[in-house]
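Engineer: Positions in the sequence shown are counted from 1; adding 88 to them yields the numbering used here. Don't be surprised by glycine CBs; every beta carbon is placed ideally from N, CA and C. Take a look at this one; I'll ask things after.
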Amino acid sequence: MKKPFKIGLLFLISMLFFTMLPTSVCQAASASVTVNGGSAINIGSGQSGSASITIGSISGFTEGNGVGGFTINLSWDPSVINVTSINAQSLPGFSITPGSPSGGSVKVSGHSSTSLITSTTNIASIQFDAIGAPGSSTNIEVSIISFGDKDGNPVAVNVAGSNVTILQQHTLTMAVSGQGNTSPSIGNHTYNQGQNVNISASPSSGWRFDHWEGEVTNPNSASTTVAITGDKTVTAVFVQIPTYTLSIAVNGEGTVNPAPGNYTIQENETVNLSATPADGWRFVSWTGGVTDPNSATTTVIMNANKNITANFAPRDSFTLTINIEGSGSTNPAEGTHTFSRDAEVEVTAIPAQGYKFDSWVGDVSDPNSATTTVVIDDDKEITARFVEIPVHTLTIEVNGNGTTEPAPGTHEYLEGTEVTITAIPADGHRFTGWTGDVAEADSATTTITITANKTVTANFVEGPPPPPQFTSIEVLLTTRNEAVVTWSTDLPAAGKVIYWAEGSSQKETPLETDISTRHVVLLEDLEPGKTYNYSTGY
89 MKKPFKIGLL FLISMLFFTM LPTSVCQAAS ASVTVNGGSA INIGSGQSGS ASITIGSISG
149 FTEGNGVGGF TINLSWDPSV INVTSINAQS LPGFSITPGS PSGGSVKVSG HSSTSLITST
209 TNIASIQFDA IGAPGSSTNI EVSIISFGDK DGNPVAVNVA GSNVTILQQH TLTMAVSGQG
269 NTSPSIGNHT YNQGQNVNIS ASPSSGWRFD HWEGEVTNPN SASTTVAITG DKTVTAVFVQ
329 IPTYTLSIAV NGEGTVNPAP GNYTIQENET VNLSATPADG WRFVSWTGGV TDPNSATTTV
389 IMNANKNITA NFAPRDSFTL TINIEGSGST NPAEGTHTFS RDAEVEVTAI PAQGYKFDSW
449 VGDVSDPNSA TTTVVIDDDK EITARFVEIP VHTLTIEVNG NGTTEPAPGT HEYLEGTEVT
509 ITAIPADGHR FTGWTGDVAE ADSATTTITI TANKTVTANF VEGPPPPPQF TSIEVLLTTR
569 NEAVVTWSTD LPAAGKVIYW AEGSSQKETP LETDISTRHV VLLEDLEPGK TYNYSTGY
């Protein structure tokens, strides 16, 4: 009786465990992942390879849940590949521990410390050497030992292994005929069955690629491919490029590029030519097989020996280009003009208001003259330079009683202006002189040249003006009965002359009607043979 009771008790405990377990399974029942052993691998015998182990296609986890731990087993055929190492991926907060490969299998375990796997993650990689015979293959199988979420609840897992196939290897022999190089380099190279290999041919200087010999995709292209279906030999065939002689000469005066002489040029090469006439000459044409004989810049294609001549002739006319700097105009007008060879052209620079001519820049006869000439013996360019005239002040002051013309005060004038100034004394006063940079300081009417800011003062004192001083008195007989007396005074006055002969009464000329410092008086009714005395007055 006791034995059945014990069995029933065990059964009851088992049932209790069974009824509790689905609660946890339900929490992760909708979650699923895929463990992928990597894509198919084709590899040659003796070569090394690798396969990545990935957890992916993760779905169905509730928020905050994910893969919390796993143990998987990887297995393979050790006669086909020799696994040399298992490298675990370093993941923050998730520890992955691979075992040691043994007998064609290895275990890989992982568990969460602080993080979960919630997206596609590479967990490990297998490094191996291909040791099987060509044509052999093996699967890297993935089997699940355990796989759970953060609480240890099981998760549905799909697995996908990786197939490794050992391929037959063949030799590709690269060779050349002529002079040049290939890629891959000349010699023997090993490739897997079915591989497409890019090849290219590079000729040496003076040679050109002609064709490939052997099984290539495009035998006429320097860059092509070879399909590795067995041992193959391909040869890049290079042929020497023929050369021709290019002879260049000049007729007239000018230069060419390349310079006159003989050159050895490869067949079909295009040579650039340019002709530059000397001063006073013009390019006419090319003689020989050039592309455009009427263009100073052209080409020649070297498909035979070529004799090329650049022809130049003297020019009949030239251009004169006139420019303006500053404000003003020129004659001829600003611009480009054409004149006959050796013509002498007169050019004039005309400043605008407030400007003055400064100089000519260029090949003119006199660069400092506003009007000068240019000899047209070549294309020429000249520039008329104008500069702004500075403005200065003239300050007129009065010392004493009187005024001036211009009136006392400050006036503005362009530099170089000659200003006439007059001092006018008040009644009962007289002018005594100018203070300042004037032409004649003692003359009531004088001039001042404006070269900078200047100040002048008209000085007056009380009293009548002093009598004028007489200078430069001369007598000129004009006829037998007339004479002219001339003189100068330092002050403006109206003059007259008193004259008489010995034993005769005095005669007096009328007082001059104009007040001036220069006097001319006519003496009339003179008797020939007599000596006359005279005096000047005012």
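1) Assuming residue 337 and residue 397 form a contact by the criterion Cβ under 8 Å, report the distance between their Cβ atoms to the nearest whole angstrom.
2) Between which two residues does the beta strand (DSSP E) harbouring residue 502 extend?
3) Grab the span of the beta strand (DSSP E) containing residue 473 for me, first residue to last.
4) Identify every run of the beta strand (DSSP E) within the segment 345-417, keeping only runs that are complete inside it and at least 3 residues long; order them along the chain.
5) Going by DSSP, which residues form a beta bridge with residue 139?
6) Among 287, 458, 510, 503, which residue has its Cα nearest to the Cα of residue 628?
7) Among residues of its own chain, excluding the 5 on either side of residue 358, which ones have a beta-carbon nearer than 6 Å to its beta-carbon?
8) When DSSP labels each residue in this structure, what does residue 326 get in the three-state scheme?
9) Would you kindly check if the distance between the Cβ of residue 160 and the Cβ of residue 226 is under 8 Å?
10) Pick out the complete beta strand (DSSP E) segments inside the segment 257-323, 3 residues or longer, and give them in chain order.
11) If residue 385 and residue 362 are in contact, beta carbons under 8 Å, what's the gap, nearest whole angstrom?
12) Check the DSSP bridge columns for residue 493 and list the partner residues they point to.
13) Kindly indicate which three-state DSSP category residue 237 falls into: helix, strand or coil?
14) How is the beta strand (DSSP E) around residue 613 delimited, first residue to last?
15) Less than 6 Å between C-beta atoms, sequence neighbours within five positions excluded: which residues of the same chain meet that for residue 115?
16) Report all residues from its chain with a CB closer than 6 Å to the CB of residue 132; omit the five preceding and five following residues, and keep chain order.
17) For the beta strand (DSSP E) containing residue 538, name the first residue and the last one.
18) Mind checking which residues open and close the beta strand (DSSP E) that includes residue 129?
19) Is the Cβ-Cβ distance between residue 154 and residue 230 less than 8 Å?
20) I'd like to know if the segment 453-469 and the segment 432-443 are in contact, where contact means that at least 3 CB-CB pairs between them fall below 8 Å.
21) Can you find at least 3 beta carbon pairs, one from the segment 203-214 and one from the segment 143-151, that sit closer than 8 Å?
22) How is residue 569 classed by DSSP in three states: helix, strand or coil?
23) For residue 343, which residues in the same chain have their Cβ closer than 6 Å to its Cβ, ignoring the five residues on either side in sequence?
24) Given 8 Å as the limit, is there contact between the segment 567-584 and the segment 606-615, that is, 3 or more CB pairs closer than that?
25) For the beta strand (DSSP E) containing residue 255, name the first residue and the last one.
26) By the 10 Å Cβ neighbour count, where 16 or more other Cβ atoms means buried, how is residue 564 classified, buried or exposed?
27) Decide if the segment 187-194 is in contact with the segment 232-249; the criterion is three or more beta carbon pairs, one per stretch, under 8 Å apart.
28) Mind checking residue 408: buried by the 16 CB within 10 Å criterion, or exposed?
29) Can you name, in chain order, every residue of its own chain whose Cβ lies under 8 Å from the Cβ of residue 578, other than the five neighbours on each side?
30) According to DSSP, is residue 575 helix, strand or coil?
31) Taking three-plus beta-carbon pairs below 8 Å as touching, is the segment 532-545 in contact with the segment 493-513?
32) Could you tell me the distance, in whole angstroms, from the CA atom of residue 618 to the CA atom of residue 592?
33) If the criterion is Cβ atoms closer than 8 Å, does the pair residue 175 and residue 212 meet it?
34) Using CA coordinates, which residue listed in 595, 621, 626 is at the minimum distance from residue 603?
35) To the nearest angstrom, how far is the alpha carbon of residue 401 from that of residue 335?
36) Quick one: Cα of residue 271 to Cα of residue 198, how far?
Structural biologist: So, from the listed chains and residues:
1) 5 Å
2) 497-502
3) 468-476
4) 349-354, 358-365, 369-375, 385-389, 394-402, 405-413
5) 214
6) Since the first and last residues shown for the chain are 89 and 626, residue 628 lies out of range.
7) 387, 389
8) strand
9) no
10) 257-265, 268-271, 275-280, 284-291, 295-301, 311-315
11) 5 Å
12) 510
13) strand
14) Here residue 613 belongs to no beta strand (DSSP E), and DSSP marks it neither H nor E.
15) In this predicted model, residue 115 has a pLDDT of only 40, less than 50, meaning its place in the structure is not dependable enough to derive any value.
16) 255, 257, 280
17) Premise fails: residue 538 is in no beta strand (DSSP E) and is neither H nor E.
18) 129-132
19) no
20) yes
21) yes
22) coil
23) 364
24) yes
25) 250-255
26) exposed
27) no
28) buried
29) 530, 531, 556, 557, 559, 605
30) strand
31) yes
32) 10 Å
33) yes
34) 626
35) 21 Å
36) 47 Å
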